[in-house]
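With UniProt numbering applied, the sequence shown covers 1 to 533.
A quick write-up on the structure given underneath.
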Amino acid sequence: MKALTLHRIRCIFGACLLHFCLGGSHTIGNLLPYLIGYVRSRQEMPAASYKDGLSIYAWAVISQGVGGFIGTLAGRSIGVKRTALLGSAWLSLGLALCSVCAHDLSLFLIAYGVVTALGCGVAYPVPLSAALRLSPAQDKGWVSGLLFFARGLSVCLLCPLQSLFLHQPAEMFLSLPTFFISPLSVFGIQEPYALHPPSEARRAFAPADADGERVITDPVVLNRLPSLFITMALGFAVIQFIGILLLVDPEDVGAAAEDSPTAGEQQKLLYDDPRAATSGPGSYSSVSSSQLLSSLILTPQDIFSSVSFWLLFLMLLLSWQSLFFVQLFWKVLPLYSEASVAAAATALPQPDSVDAWLFARLPPALAPVGAQQLLTRYPFEGGDPWSLTGPAWALTNDFLLSCLGALLGVICCLGRLVWGYIGDGIGYMRSTVVMNALTAPCLFVLSTYALQSPQLYTVCLSLIHVCHGGTFSLFPSLTSDLFGRKNVGPVFSLLFAARLAAVALASIWINIALSYNSLHVVAAVLGVCHLVR
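Right, dumping it as structure tokens:
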């Protein structure tokens with residue numbers, strides 16, 4: 001028994017390391033501004049646009065789904081460690097290929113959207129399944145939650161680290177002591193800071209193309225993008241190798257087989273419902289439905305003939321489109337012309353504001369270009385594109401947006417837990433209705449009022465990510481209500497097609513809408529999708 005416990009702890013830790021690397025492959029939204037800027041700087045595709053990232057991310061999601069199916073079959077045929085090694089090597093190879101394909105979006109689509117994503121999909125289900133099979137029933141919930149935390153942690157850490165790697169502010173580390181000590185000097189100031197913002201006549205906005213998009217143009221920063229992918233590939237390879245060494249094949253230690261009574265629960269947890277396996281039948285909101293179906297094993301024909309299945313399919317089809325769009329475009333939305341229009345009416349930070357006082361004491365490497373020029377009365381020329389969105393964005397730069405991405409990852413994790421507990425209290429169907437009612441207005445204002453200032457933008461994105469967290473935690477439990485615990489695995493295998501269809505559909509119509517400079521239309525349609533649900 002003691003040996004089995006040690007094997008379990010070892011396997012869980014190894015699975016966490018593997019899922020940490022798998023989560024890092026989802027930072028494409030943070031790297032999209034650099035990718036498009038790099039492609040334009042190489043003049044391979046001078047007309048490259050942010051909307052071109054839609055097809056890359058869509059292929060990545062689809063390839064991950066295919067890779068997950070391959071990984072499940074391979075795990076049964078060649079074992080846990082060999083399957084994890086195959087997927088991890090494929091993932092690292094794909095990231096290395098991204099470094100040599102970043103100059104061309106078509107090649108990058110193959111390297112990231114196919115090769116990297118396939119490796120991620122192959123390596124994804126095996127560590128989680130092994131960790132769950134080695135865990136007792138009462139521990140499956142927190143084990144799944146721990147692995148999800150590892151994936152979320154990688155996004156939270158990598159977004160700021162990627163920004164620091166690309167900008168490489170060497171003087172930042174020498175300035176950190178000053179950053180922590182200098183606030184005390186405010187009490188000895190004899191005269192106030194001269195924080196007089198430049199007039200609009202002296203303000204030079206970053207050049208925009210025909211689509212009204214601003215891009216990163218600093219060649220020093222952009223030329224580090226290939227090196228970033230190489231660094232990620234090498235770093236992930238080392239971490240994954242350690243994780244594979246720690247993995248334990250359940251068959252080698254006599255764990256339960258895949259066709260055990262908990263197999264359906266494991267499939268449910270593969271969809272990232274950390275609390276599902278620990279919930280008893282009494283926690284379901286539709287007890288009568290669960291009681292009727294919990295003892296039945298449904299065939300695919302039974303599932304397809306169910307009205308409830310197609311309602312769930314439609315709900316996932318509509319909800320995943322907004323999730324797909326926000327995960328990819330959260331960083332570049334302020335770089336569209338609609339953002340400049342929305343921010344034009346807002347006022348610049350006041351000279352005695354908290355923001356101005358804070359940025360006056362930031363290390364030179366961390367302070368946004370807009371803030372430095374604001375403090376010294378110089379016009380904005382060739383600065384960070386985010387600081388040129390509008391007056392209220394003058395103190396914003398790429399590093400702060402990357403920190404926002406890390407914050408959103410944490411908020412999404414918390415959202416899963418919050419909506420899970422709300423679902424336990426008022427029922428999963430009612431919780432889904434409330435979640436959509438909150439998501440829709442946030443999407444409606446995403447391209448207008450939310451872009452007036454970085455503060456409003458942060459609040460709006462935070463609310464959206466809280467609600468998107470509910471998409472992950474509510475639907476597995478809702479499916480269990482409707483079809484019973486024993487049928488969760490087969491039903492979700494079929495419902496996964498809704499996610500793939502949503503991504504493919506969204507990448508097509510959003511691309512067309514953005515081609516006509518219709519960001520407002522995109523936000524409105526995505527909001528309507530949540531109301532229709």
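Here a beta-carbon is modelled for each residue, glycine too, at the ideal position from N, C-alpha and C.
- The alpha-carbon of Val248 is positioned some 30 Å away from that of Leu414.
- Ranked by how close their Cα comes to the Cα of Ser473, the residues Ala437, Met429, Ala117 and His7 have Met429 in first place.
- Each of Arg133, Ala123, Gly79 and Ile36 was checked against the Cα of Arg8, and the nearest Cα belongs to Arg133.
- Between Pro160 and Cys403, the C-beta spacing is below 7 Å.
- Met232 and Gln301 have their C-alpha atoms some 44 Å from each other.
- With 16 or more other CB atoms across the displayed protein chains lying within 10 angstroms of its CB, Val332 is buried.
- Distance from the CA atom of Ser306 to the CA atom of Gly470, rounded to whole angstroms, is 24 Å.
- Under the 8 Å Cβ criterion, the stretch 141 to 155 does not count as touching the stretch 81 to 90, having fewer than three qualifying pairs.
- Nearest to Leu407 by alpha-carbon distance, out of His465, Ala344 and Leu22, is His465.
- Take the alpha-carbon of Leu17 and the one of Ala131: they are about 12 Å apart.
- Here Ser25 really is in contact with Thr116; their C-beta atoms are around 6 Å apart, less than 8 Å.
- DSSP places Asp302 in the uninterrupted alpha helix (DSSP H) bounded by Pro300 to Phe304.
- If you ignore the 5 residues before and after Asn30, its C-beta comes within less than 7 Å of the C-beta of Cys159, Gln162, Lys331, Ser402 and Gly405, all in its own chain and listed in chain order.
- Secondary structure note for Thr458: its alpha helix (DSSP H) is the uninterrupted segment Pro454 to Phe483.
- In the three-state reduction of the DSSP assignment, Ala339 falls in the helix class, which pools H, G and I.
- In the displayed model, Trp393 falls within a helix according to three-state DSSP.
- Linking Val445 to Ala523 through their CA atoms gives a straight-line distance of about 8 Å.
- Per DSSP, Asn517 lies in no alpha helix (DSSP H) segment and is marked neither H nor E.
- Around the C-beta of Ala123, 16 or more other C-beta atoms lie within 10 Å, and the residue is accordingly described as buried.
- Classified as buried, Trp59 has 16 or more neighbouring CB atoms from the shown chains inside 10 Å of its CB.
- In terms of CA proximity to Leu451, Thr396 leads the group Ser480, Phe496, Thr396 and Val491.
- Straight across, the Cα-Cα distance linking Phe313 with Val326 is about 21 Å.
- Distance from the Cα of Cys21 is smallest, within the candidate group Tyr449, Ile56 and Ile242, for Ile242.
- Secondary structure of Gly427 (DSSP, three-state): coil.
- Secondary structure at Glu213: coil, using DSSP grouped into helix, strand and coil.
- Approximately 12 Å separates the beta-carbon atoms of Gly113 and Gly67; this is outside 8 Å, ruling out the contact.
- When Val126, Val238 and Val155 are compared, the shortest CA-CA separation from Thr27 is found for Val155.
- Per the C-alpha coordinates, the member of Ala48, Tyr38 and Ser447 positioned closest to Ser515 is Ala48.
- The C-beta separation of Thr439 from Cys467 comes to about 4 Å, placing the pair in contact by the 8 Å criterion.
- Ile230: member of the alpha helix (DSSP H) spanning Leu225 to Leu246, first to last residue.
- Apart from the 5 residues on each side of it in sequence, Ile230 sits with its Cβ closer than 7 Å to the Cβ of Ala96 and Ser99 in its chain, given in chain order.
- Under the three-state reduction of DSSP, His7 is assigned to helix.
- Cα atoms of Ala498 and Asn517: separation of roughly 28 Å, rounded to the nearest angstrom.
- Gln327: member of the alpha helix (DSSP H) spanning Val307 to Phe329, first to last residue.
- The continuous alpha helix (DSSP H) containing Lys81 extends over residues Val80 to Cys101.
- The beta-carbon distance between Pro127 and Ala84, rounded to whole angstroms, is 6 Å. This is short enough to meet the 8 Å contact definition.
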